[in-house]
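K.L.:
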Amino acid sequence: MAKNGAASQVSRYANAKLTRHDFPPDFIFGAATSCYQVEGAYAQGGKSLNNWDVFALQRPGKILGGTNGCVAIDHYNRFKEDVALMKKLGLDSYRFSISWSRVLPGGRLSGGINREGIQFYNDLINLLLAQGIEPCVTIFHFDVPQCLEEEYGGFLCSKIQDDFAEFAELCFFEFGDRVKFWITQNEPITFTKNGYVQGSFPPGHGSTAAQPGEKNAVGIRCARGVDTTCHGGDAGTEPYIVAHNLILAHAKAVDIYRRNYQGVQGGKIGITNMSGWFDPYSDAPADVDAAARAVDFMWGWFTAPIVTGDYPPVMRERVKDRLPTFKPEEVDLAGSDWLFIVPYGIRNLLVHTKDKYNDPIIYITENGVDEKNDWTQTITSALKDDVRIKYIQDHLAFSKEAMDLGVKLKGYFAWSLFDNYEWTEGYTVRFGMYYVDYVNGYTRYPKKSAIWYMNFLNKNIIPRPKRQIEEIEDDNIAAKRSKRSR
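In the numbering used here, the protein residues as written are 8 to 493.
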């Protein structure tokens, strides 16, 4: 971020104490999670292994703390309790993802449908609706069935486009009568960059020249954990192949929904993209061009093909023949006139998207901040997350400014509803508005941010948790945390 970047600017709503009543009546406020980060039950209910199950178990050195999501926060077995907390919070909507390997253990329909997995999501969706909470479903949030990784390399192979479309259609068929908000993929740039450039996500690819302690071919150090090695791959070509297959898989899923389901089910469908915002270091032409180029490479990589049917011209110019081309029929398939996004750095990127990409309808589907998980800290102290309150307030203020400038912003989802398994960070950070006690039965406690968000939504005060705060105020969690395992 440049020294005069948007993040350092002060919104004119900064001291306005915004409430939900400052937003349109139909504006959606929600919170979000993803299946691998919260469900657990990795070998329960007919689910097969996915890429993250295998990666975290076989290569624990890639994860800070050497942990995994086999249990996560046990949402699979506690979803009724969790929905009750959502109801108390006053959410309009809950965004969650479907585990591909839980509903299709063989990766495709020919491998059989796991009815137990389907029933889990039916039960969750039905309970949400019964509590007046709109389900917002992400079809793919980084978890690929391991069988497809082993069969043909996952998103490195074009075969996955049709397998993904088949998975998406199963979701539309089974859940679409009740789900009206669909997201095909979560942050495909994160999946691509971390898995095929940095080597920190499965399959752990980077430059074949990368050695421990060295940087890969594009200058990014491999992995976040102790194990800094990248295993195979080519960071100069693979990311563009993976991205192309992700875009076309998304496009095929959207095409199926529009042709076969949308007219009857009446839902909306889009994608969640992610980017930072870049301001030029100075007014010098080279700095201005560099900032614009950075936005095109981060934001335009996955946004331009969806809106225009092709990659940004600067990518064509710079990446040349390493960047795949769209066939004429794929141009029509990939291009469209809608977009769901998640912006970071928020007002400028929202306005940029409005101006450059046909003024789409936008939902902020993931916005949050983490805090270090201090195992020496009492739970009472950990519940005081003022930094998260300030973060959400600031981003809502900038979002409101963007709406004043004509951006068609329709919803905001805080990340995350609960503390969870944070990919390469494991359990070393906490993103949630609810604290999860990983040692004492995964009990959930509302943080100050949960109470603030509930009051912002103008709902009833959250009741005190069953275990009184006074009872745990003097607990020294350090001794108990030494027993933790995942």
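A virtual CB, placed ideally from N, CA and C, is assigned to each residue, including glycine. Remember, predicted model here, so these are calculated numbers, not experimental data.
Name, in chain order, the residues that DSSP records as bridge partners for D444.
P.N.:
Working through the sequence shown from its first residue, we reach residue 444 at position 437. T450, per the DSSP bridge assignment.
K.L.:
Check A217 in the structure and name its three-state DSSP category.
P.N.:
Walking along the sequence shown from the start, residue 217 turns up at place 210. Its pLDDT being 42, under 50, A217 is placed unreliably in this model, and the coordinates cannot settle the point.
K.L.:
With which residues is D143 paired in a DSSP beta bridge?
P.N.:
The sequence position of residue 143 within the sequence shown is 136, counting from 1. Just to set this straight, residue 143 is Cys in the shown sequence, not Asp. C143 is bridged to R102, F188.
K.L.:
Rounded to a whole number of angstroms, what is the C-alpha to C-alpha distance between M25 and L424?
P.N.:
Here residue 25 is taken as the residue at index 18 of the sequence shown, counted from 1. Here residue 424 is taken as the residue at index 417 of the sequence shown, counted from 1. It should be pointed out that residue 25 corresponds to Leu in this sequence rather than to Met. Cα-Cα distance, rounded: 21 Å.
K.L.:
Can you tell me the Cα-Cα spacing of M410 and K361, whole angstroms?
P.N.:
On the sequence shown, residue 410 is found 403 positions in, with the first residue counted as 1. On the sequence shown, residue 361 is found 354 positions in, with the first residue counted as 1. The straight-line gap from Cα to Cα measures roughly 10 Å.
K.L.:
Taking its Cβ as the centre, do 16 or more other Cβ atoms sit within 10 Å of D296, making it buried, or is it exposed?
P.N.:
Here residue 296 corresponds to residue number 289 of the sequence shown, with the count starting at 1. Looking at its Cβ environment, which holds fewer than 16 other Cβ atoms inside 10 Å, D296 is exposed.
K.L.:
What number of angstroms, rounded off, separates the C-alpha of C154 from the C-alpha of L56?
P.N.:
By 1-based counting over the sequence shown, the position of residue 154 is 147. By 1-based counting over the sequence shown, the position of residue 56 is 49. Cα to Cα, the separation comes out at about 8 Å.
K.L.:
Can you give the beta carbon distance from Y455 to I396, rounded, assuming they're within the 8 Å contact cut?
P.N.:
The residue you call residue 455 lines up with position 448 of the sequence shown. The residue you call residue 396 lines up with position 389 of the sequence shown. The residue asked about is misnamed: residue 455 is Lys in this sequence, not Tyr. That belief holds up - the Cβ atoms of K455 and I396 are roughly 6 Å apart, short of 8 Å.
K.L.:
On a CA-only basis, which of G213, I248, Y247 is nearest G240? Give me that one, please.
P.N.:
Counting from one through the sequence shown, the residue named residue 240 turns up at place 233. When only C-alpha atoms are compared, the closest one is G213.
K.L.:
Shortest alpha-carbon distance to T279 belongs to which of E324, V204, E336, P195?
P.N.:
In the sequence shown, residue 279 corresponds to position 272, counting from 1. Taking only the C-alpha atoms, the option nearest T279 is P195.
K.L.:
What are the start and end residues of the beta strand (DSSP E) that includes T504?
P.N.:
Because the chain is modelled from 8 through 493, residue 504 falls outside the range shown and cannot be assessed.
K.L.:
Is it the case that the Cβ atoms of A260 and I146 are separated by a distance below 8 Å?
P.N.:
Residue numbering aside, residue 260 sits at position 253 when the sequence shown is read from its first letter. Residue numbering aside, residue 146 sits at position 139 when the sequence shown is read from its first letter. Against a cut-off of 8 Å, the Cβ pair of I146 and A260 comes out as a contact.
K.L.:
What first and last residue would you give for the alpha helix (DSSP H) that runs through F5?
P.N.:
The chain is shown only over 8 to 493; residue 5 falls outside these bounds and no answer can be derived.
K.L.:
Which of the three DSSP states is assigned to Y398 in this structure?
P.N.:
Locating residue 398 in the sequence shown gives position 391, counting from the first residue. Three-state result, Y398: helix.
K.L.:
For the beta strand (DSSP E) that Y370 lies in, which residues bound it at each end?
P.N.:
Residue mapping note: residue 370 aligns to position 363 of the sequence shown, counting from 1. That run of the beta strand (DSSP E) goes 368-374.
K.L.:
Is it buried or exposed, S41, if we count other Cβ atoms within 10 angstroms and call 16 or more buried?
P.N.:
Within the sequence shown, the letter at position 34 stands for residue 41. By the neighbour-count rule (16 or more Cβ atoms within 10 Å), S41 is buried.
K.L.:
Would DSSP call P152 helix, strand or coil?
P.N.:
Position 145 of the sequence shown, counting from 1, holds the residue named residue 152. In this structure, P152 counts as strand in the three-state DSSP scheme.
K.L.:
For the alpha helix (DSSP H) containing F171, name the first residue and the last one.
P.N.:
Within the sequence shown, residue 171 is the residue found at index 164, counting from 1. Residues 166-182.
K.L.:
Three Cβ pairs or more, each shorter than 8 Å: is that satisfied between the stretch 61-74 and the stretch 130-149?
P.N.:
No: fewer than three Cβ pairs fall under 8 Å.
K.L.:
Confirm, please, whether the CB-CB distance from E141 to F188 is below 8 Å.
P.N.:
Here residue 188 refers to the residue found at position 181 when the sequence shown is read from its first residue. Here residue 141 refers to the residue found at position 134 when the sequence shown is read from its first residue. Closer than 8 Å, so yes.
K.L.:
Give the C-beta separation of G47 and I80 to the nearest angstrom, bearing in mind that I take them to be a contact with Cβ-Cβ under 8 Å.
P.N.:
Taking the sequence shown and counting its residues from 1, one reaches residue 47 at position 40. Taking the sequence shown and counting its residues from 1, one reaches residue 80 at position 73. Right, their Cβ atoms sit about 7 Å apart.
K.L.:
Considering only residues of the same chain and omitting the five flanking positions on each side of T450, which have a CB-CB separation below 6 Å?
P.N.:
Against the sequence shown, residue 450 aligns to sequence position 443. Result list for T450: D444, in chain order.
K.L.:
Going by beta carbon distance, what residues of the same chain come within less than 8 Å of K391, once the five residues before and after it are set aside?
P.N.:
Translated into the one-based positions of the sequence shown, residue 391 becomes position 384. Excluding residues within five positions, the ones whose Cβ falls inside 8 Å are K454, K455.
K.L.:
Hey, out of F333, E324, L416, P312, whose CA is closest to L356's CA?
P.N.:
In the sequence shown, residue 356 corresponds to position 349, counting from 1. When each option's Cα is compared against that of L356, the closest is L416.
K.L.:
Below 8 Å between beta carbons: does that hold for L116 and L64?
P.N.:
If you number the sequence shown from 1, residue 116 lands on position 109. If you number the sequence shown from 1, residue 64 lands on position 57. For L116 and L64, no; Cβs fall outside 8 Å.
K.L.:
How many whole angstroms separate the CB atoms of Y20 and A404, which I take to be in contact at a CB cut-off of 8 Å?
P.N.:
Reading the sequence shown from its first residue, position 13 is the one you call residue 20. Reading the sequence shown from its first residue, position 397 is the one you call residue 404. Right, the Cβ-Cβ distance comes to about 4 Å (below 8 Å), so this counts as a contact.
K.L.:
Where A298 and M322 are concerned, what is the direct C-alpha to C-alpha distance, given to the nearest angstrom?
P.N.:
Taking the sequence shown and counting its residues from 1, one reaches residue 298 at position 291. Taking the sequence shown and counting its residues from 1, one reaches residue 322 at position 315. Each residue's alpha carbon lies about 14 Å from the other.
K.L.:
Which residue or residues does DSSP assign as beta-bridge partners of T279?
P.N.:
Within the sequence shown, residue 279 is the residue found at index 272, counting from 1. Looking at the DSSP assignment, T279 forms a beta bridge with N193.
K.L.:
Check the DSSP bridge columns for K415 and list the partner residues they point to.
P.N.:
Numbered from its first residue, the sequence shown carries residue 415 at position 408. Paired residue(s): I368.
K.L.:
Helix, strand or coil, according to DSSP, for K379 in the structure here?
P.N.:
Taking the sequence shown and counting its residues from 1, one reaches residue 379 at position 372. Looking at K379 - three-state DSSP - the assignment turns out to be strand.
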